[in-house]
Amino acid sequence: MSLRGLVISPDTKRYYPNGSFAAHILGHTNSDGEGLTGIELQYNKFLAGVPGIKIAETDQKSEDLPYKISEYTEPVDGRDVILTIDENIQYFAEKAASQALKDNDAKAVSVIVMDPKTGEILAMVNKPDYDPNNPWPEGLSSEETQKTWRNRAVSDAYEPGSIFKVVTATAAIEKGILKEGETFNCGGGLTIGGRTIHCWKTSGHGPLDFEGIIKNSCNVGFMVLADRMKKEALNEYIFKYGFGKKTGIDLPGEARGIVKPTEQISVTDLATISFGQSNTVSAIQYMQAFNSIANGGILITPHLMKEVIHYDDDSNRVIDATFSNYNKRSEIKPETMERMRKHLEATVATGGASKAHIPGYHIAGKTGTAQKVDPINGGYAQGKYISSFAGMAPANDPKVTVFISIDEPNPSLYYAGQIAAPVGKVLFNDIFNYFALKPDANSEDVQKSLKKDVVISEIRGQKKADATKILKDIGLSYRIEGDGEYVVDISPKPGYMVKEGSEIILYTGKQSQTDSAVGVPDLMGATPESARKLLENLGLKVQFVGDGVVGGQSIEAGQIVKKGTVITCHLQVLAD
Numbered sequence: 001m002s003l004r005g006l007v008i009s010p011d012t013k014r015y016y017p018n019g020s021f022a023a024h025i026l027g028h029t030n031s032d033g034e035g036l037t038g039i040e041l042q043y044n045k046f047l048a049g050v051p052g053i054k055i056a057e058t059d060q061k062s063e064d065l066p067y068k069i070s071e072y073t074e075p076v077d078g079r080d081v082i083l084t085i086d087e088n089i090q091y092f093a094e095k096a097a098s099q100a101l102k103d104n105d106a107k108a109v110s111v112i113v114m115d116p117k118t119g120e121i122l123a124m125v126n127k128p129d130y131d132p133n134n135p136w137p138e139g140l141s142s143e144e145t146q147k148t149w150r151n152r153a154v155s156d157a158y159e160p161g162s163i164f165k166v167v168t169a170t171a172a173i174e175k176g177i178l179k180e181g182e183t184f185n186c187g188g189g190l191t192i193g194g195r196t197i198h199c200w201k202t203s204g205h206g207p208l209d210f211e212g213i214i215k216n217s218c219n220v221g222f223m224v225l226a227d228r229m230k231k232e233a234l235n236e237y238i239f240k241y242g243f244g245k246k247t248g249i250d251l252p253g254e255a256r257g258i259v260k261p262t263e264q265i266s267v268t269d270l271a272t273i274s275f276g277q278s279n280t281v282s283a284i285q286y287m288q289a290f291n292s293i294a295n296g297g298i299l300i301t302p303h304l305m306k307e308v309i310h311y312d313d314d315s316n317r318v319i320d321a322t323f324s325n326y327n328k329r330s331e332i333k334p335e336t337m338e339r340m341r342k343h344l345e346a347t348v349a350t351g352g353a354s355k356a357h358i359p360g361y362h363i364a365g366k367t368g369t370a371q372k373v374d375p376i377n378g379g380y381a382q383g384k385y386i387s388s389f390a391g392m393a394p395a396n397d398p399k400v401t402v403f404i405s406i407d408e409p410n411p412s413l414y415y416a417g418q419i420a421a422p423v424g425k426v427l428f429n430d431i432f433n434y435f436a437l438k439p440d441a442n443s444e445d446v447q448k449s450l451k452k453d454v455v456i457s458e459i460r461g462q463k464k465a466d467a468t469k470i471l472k473d474i475g476l477s478y479r480i481e482g483d484g485e486y487v488v489d490i491s492p493k494p495g496y497m498v499k500e501g502s503e504i505i506l507y508t509g510k511q512s513q514t515d516s517a518v519g520v521p522d523l524m525g526a527t528p529e530s531a532r533k534l535l536e537n538l539g540l541k542v543q544f545v546g547d548g549v550v551g552g553q554s555i556e557a558g559q560i561v562k563k564g565t566v567i568t569c570h571l572q573v574l575a576d
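Numbering (the UniProt record's numbering), first residue to last: 1 to 576.
Below you can see the structure in the form of structure tokens.
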């Protein structure tokens with residue numbers, strides 16, 4: 001093409017047509033096309049190709065001189081790196097992470113989905129993310145920009161909290177320290193080394209069997225187990241699970257994590273290590289360990305590269321390399337892992353991870369709410385937590401494992417069983433549908449379980465138009481009885497918890513006929529601020545005993561009481 005005043009200047013640039021989708025996996029390149037982060041950096045030698053070279057003598061018009069020797073080397077195109085990522089599962093994970101970030105007003109969210117039998121990563125997400133088409137956005141400093149590139153699922157290590165209890169439980173089974181039919185009596189804490197270390201349930205769990213301390217995540221039970229097996233045995237299994245060293249994942253910047261050397265572990269260290277403090281792990285390290293529970297005791301290197309290919313001159317597909325660094329090693333007996341899966345299935349069915357349960361499906365998992373360390377002042381930072389959920393399904397022969405961490409959720413609701421487990425539930429449901437896995441239960445029960453719980457607002461005494469708008473805004477449907485101007489009563493009563501989409505019956509009449517009876521809402525896990533707001537909106541009074549969030553209430557949820565009734569909320573420090 002020859003147009004006066006128009007000059008065409010050829011250039012090359014890497015384009016990412018899906019924008020921020022899988023950004024922390026793919027990474028990005030610099031202006032010369034060299035990988036800087038992610039797969040772009042890890043497999044740059046395959047992706048970059050080799051430039052062609054031509055050496056010749058030319059005239060002043062840059063044309064080759066005749067009869068002169070020239071050298072020419074053909075360029076080699078970059079190879080295609082085929083990843084283990086499943087685009088659909090990646091989409092499910094991206095959607096779940098974005099929603100969790102928004103719902104919990106969190107600093108960050110990470111999600112990993114894997115095949116536990118092969119070590120293949122099916123999805124990996126960090127939110128907030130960035131657009132690799134524009135990795136240097138305006139308005140950010142160099143340090144801030146590089147933070148957006150950071151793959152937190154691989155590069156960040158933190159104290160894991162109660163999800164680490166699977167390690168202590170496994171070691172206890174393997175070492176044979178469990179006594180037939182024994183119970184662990186939790187009174188709310190233990191005094192060890194002159195220091196009282198509390199259970200997350202400071203009022204105590206009472207007597208629990210071995211499965212009970214896993215289901216209820218009882219710190220006291222795990223401290224007792226650690227004391228029995230001693231520090232040497234516990235550290236033996238921590239290392240067997242692969243903690244304290246890199247997994248070897250094919251991504252740059254992997255964190256090693258910190259495992260306290262055996263000789264430096266005090267009696268109080270031993271107690272806190274048993275329930276997930278003192279040591280640090282990365283999300284991908286934890287998934288490698290958790291996968292071994294799912295697959296029968298085999299540690300397998302997590303990886304993203306499936307194969308490297310190119311097409312020859314005849315368009316034939318040629319495989320240049322396949323992933324081979326599986327580093328499989330069997331560390332723990334299959335029967336031990338089978339037992340652990342049963343305990344973890346019970347934890348999802350009726351224990352602390354029950355908000356991940358989907359009727360008819362067999363999900364096994366564990367939650368953990370870890371206090372964050374204050375990097376400046378030492379100790380634990382006030383009101384800062386990382387809430388995690390790890391799950392596998394189907395529990396008897398897992399095909400998929402998931403990991404979710406929510407960093408610094410809104411401190412008004414941070415308990416992992418309440419905020420991380422529900423994310424796992426939504427993600428598992430999407431994956432089950434994609435895999436066409438059929439539930440034992442009917443589809444109606446499954447769909448009902450996936451709907452959000454909603455507390456019915458006090459709308460009596462309001463005009464019909466105002467009342468129905470409030471119900472619509474919180475996701476409830478309605479049916480109107482009578483032709484009065486005002487809502488005088490509703491069924492169920494205000495304060496009841498129902499599923500999103502449920503129908504509320506509105507009885508209309510004169511404003512003066514309003515009822516004063518309300519239902520007591522379920523306040524478990526609510527902060528004092530949110531509990532007070534909810535109860536006062538219903539016309540109820542509240543008093544608090546203790547510190548923390550609501551761990552018990554004087555009148556059971558669902559009871560009908562008169563407005564003005566006082567509800568006593570017993571507060572506990574929930575850290576699991």
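Built from N, CA and C at the ideal position, the CB exists for glycine as well.
(message) Between which residues of its own chain and Asp86 is the CB-CB distance below 6 Å, once the five residues before and five after are set aside?
(response) Leu122
(request) Could you pull out every residue in the same chain whose Cβ sits closer than 7 Å to the Cβ of Leu36, ignoring the five residues on either side in sequence? (result) Gly27, His28, Thr29 and Asn30
(message) How far does the beta strand (DSSP E) with Leu523 in it extend, from its first residue to its last?
(response) Unbroken run through Leu523: none, as it is neither H nor E.
(message) Which runs of the alpha helix (DSSP H) at least 4 residues long sit entirely within the region 281 to 317? Give them in chain order.
(response) 283 to 295
(message) I need the boundaries of the alpha helix (DSSP H) containing Asn537, first residue and last residue.
(response) Pro528 to Asn537
(request) Find out if the Cβ-Cβ distance for the pair Ala421, Tyr158 is shorter than 8 Å. (result) no
(message) Which runs of the alpha helix (DSSP H) at least 4 residues long sit entirely within the region 133 to 185? Give them in chain order.
(response) 142 to 149, 152 to 155 and 165 to 175
(request) Give the straight-line distance between the Cα atoms of Gln146 and Lys127, rounded to the nearest whole angstrom. (result) Taking the straight line from one Cα to the other gives about 14 Å.
(message) Check whether the region 160 to 173 and the region 267 to 279 are in contact - that is, three or more C-beta pairs closer than 8 Å.
(response) yes
(request) Determine the contact status of Ser516 and Lys562, defining contact as a CB-CB distance below 8 Å. (result) yes
(request) Taking 8 Å as the threshold, find out whether the region 281 to 301 comes into contact with the region 183 to 203 through three or more Cβ pairs. (result) With the cut-off at 8 Å, the region 281 to 301 and the region 183 to 203 do not touch.
(request) Enumerate, from N- to C-terminal direction, the unbroken alpha helix (DSSP H) stretches of 4 or more residues contained entirely within the region 6 to 57. (result) Counting only unbroken stretches of 4 or more residues, the alpha helix (DSSP H) elements lying wholly within the region 6 to 57 are 23 to 26, 38 to 42 and 44 to 47, in sequence order.
(request) Report the residue from Asp156, Ala395 and Phe210 whose alpha carbon sits nearest the alpha carbon of Gly176. (result) Phe210
(message) So for Tyr478, helix, strand or coil by DSSP?
(response) strand
(message) Using CA atoms only, rank isn't needed, just tell me which of Asp407, Met524 and Tyr478 is closest to Arg152.
(response) Asp407
(request) Alpha carbon to alpha carbon, how far is Val81 from Gln382? Give it in angstroms, no decimals. (result) 45 Å
(message) At the level of alpha carbons, what is the spacing between Val488 and Val498?
(response) 20 Å
(request) Identify which residue in Gly495, Ile504 and Gly484 has its Cα closest to the Cα of Leu471. (result) Ile504
(request) Pick helix, strand or coil for Gln553, following the three-state DSSP scheme. (result) Strand, per DSSP.
(message) I'd like to know if the region 340 to 356 and the region 108 to 117 are in contact, where contact means that at least 3 CB-CB pairs between them fall below 8 Å.
(response) no
(message) So, for Gly461: in the same chain, excluding its five sequence neighbours on each side, which residues have a beta-carbon less than 8 Å away from its beta-carbon?
(response) Tyr486, Val487, Val488, Gln511 and Thr514
(message) To the nearest angstrom, how far is the alpha carbon of Ser457 from that of Lys355?
(response) 23 Å
(message) Can you give me the C-alpha to C-alpha distance between Ile284 and Lys451, rounded to a whole angstrom?
(response) 30 Å
(request) Compare the Cα-Cα distances from Ala56 to each of Pro66, Gly49 and Arg228 and report the closest residue. (result) Pro66
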